[in-house]
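Novice: Here it is: the structure, laid out below.
Residue numbers (the UniProt record's numbering), protein chains in the order written: chain H, 1 to 129; chain X, 1 to 155.
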């Protein structure tokens, strides 16, 4: 690992209902499970919850602060747990080495809530320069 | 249970345009303030043709411009309230920028289940190409999880 290996941790403001509504409109994801508490309860959830793609988008913002967008080759995540309204997310992007057999650099991306529960875990790959 | 015969099905293509105003709504929703996304001059100074979209916006463009983003969910007989997003991945070949018209060609790559059918997984692979010249812009892979209310199931 080089001395300038990337390791950033960014705390996000708490997730709000307004943010879910704005994200729903802006993303075209109008699934009522994120907006309509009646629908969410009927589906067996205690409340509406955040779009996974909102969380991936917030984490992506951290990735592209650390890595120029033009060098980003891939970005993939697994959604490990639901993000609730009022959750305070922390995004950590940490360089973990190179892609096997090449020079592309790998960043591990993890989003946790205020209790340390992992919400999203993934990897971004960036070209070496 | 989902019909496994759907594996391999190619879905009707969706065409979407990267509209500047709509992009701004998205940038605001995720709190992205980098000028290259907001200001065409800043984008050009950084070497882009125009404002590039953030890494996850391709997912949104397909939903924004599909006639009905839940057509596949409906066609497969899935109750939207049982759906969770399992995985999402993007591989980028060229930056997509404001003004680009792009086409999404999706294929159902796999359907499988776990926990005795209590959880089903729908895997889509999507090629993204530019309409004007057919350039291959990106590839998308996404996994939708369906929670089936099966007696004795784990869900």
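No residue lacks a Cβ here, since even glycine has one placed at the ideal position from N, Cα and C.
I think residue 65 of chain H touches residue 8 of chain H, with their Cβ atoms under 8 angstroms apart; what is that distance to the nearest whole Å?
Specialist: The pair is a contact, with the Cβ atoms about 7 angstroms apart (cut-off 8 angstroms).
Novice: Can a CB atom of chain B be found closer than 8 angstroms to the CB of residue 51 of chain X?
Specialist: No chain B appears in this structure, whose protein chains are H and X.
Novice: Using CA atoms only, rank isn't needed, just tell me which of X/11, X/74, X/15 and X/111 is closest to residue 132 of chain X.
Specialist: Comparing Cα positions, the closest option is X/15.
Novice: Please go through the same chain and pick out, in chain order, the residues whose beta-carbon is closer than 8 angstroms to the beta-carbon of residue 55 of chain H, but skip the five residues on each side of it.
Specialist: So the qualifying residues of the chain are 79, 83, 89, 111, 119 and 120.
Novice: What residues in its chain sit with their C-beta under 6 angstroms from that of residue 72 of chain H, if we drop five residues either side in the sequence?
Specialist: Taken in chain order, the residues that qualify are 126.
Novice: Give the residues of chain H in contact with residue 45 of chain X, contact being defined as C-beta atoms less than 9 angstroms apart.
Specialist: Under the 9 angstroms cutoff, chain H gives no residues; its nearest Cβ is about 13 angstroms from residue 45 of chain X.
Novice: In three-state terms, what does DSSP make of residue 64 of chain X?
Specialist: Note: residue 64 of chain X maps to helix in three-state DSSP.
Novice: Use the C-beta contact count for residue 117 of chain H: other C-beta atoms within 10 angstroms, 16 or more gives buried, fewer gives exposed.
Specialist: Exposed, because fewer than 16 other Cβ atoms sit within 10 Å of the Cβ of residue 117 of chain H.
Novice: Can you tell me which of the three DSSP states residue 119 of chain X falls into?
Specialist: Residue 119 of chain X falls in the strand class under three-state DSSP.
Novice: Ignoring anything shorter than 4 residues, give me the alpha helix (DSSP H) runs that lie fully in the segment 22-95 of chain X, in order along the chain.
Specialist: As far as the segment 22-95 of chain X is concerned, its whole alpha helix (DSSP H) runs of at least 4 residues are 35-38, 40-45, 57-65 and 71-75.
Novice: Grab me the residues of residue 20 of chain X's own chain with a C-beta within less than 6 angstroms of its C-beta, minus the 5 sequence neighbours each way, in chain order.
Specialist: 98.
Novice: Quick check: residue 59 of chain H and residue 48 of chain H, are their CB atoms within less than 8 angstroms of each other?
Specialist: Cβ atoms of residue 59 of chain H and residue 48 of chain H: not closer than 8 angstroms.
Novice: Let me see if you follow: with CB-CB separation under 8 angstroms, is residue 25 of chain H close to chain X or not?
Specialist: Residue 25 of chain H counts as touching chain X.
Novice: Would you mind sorting residue 1 of chain X into buried or exposed? The rule is 16 or more other CB atoms within 10 Å of its CB.
Specialist: Exposed.
Novice: What does the alpha-carbon distance come out to for the pair residue 88 of chain X and residue 145 of chain X?
Specialist: Between residue 88 of chain X and residue 145 of chain X, the C-alpha separation is close to 12 angstroms.
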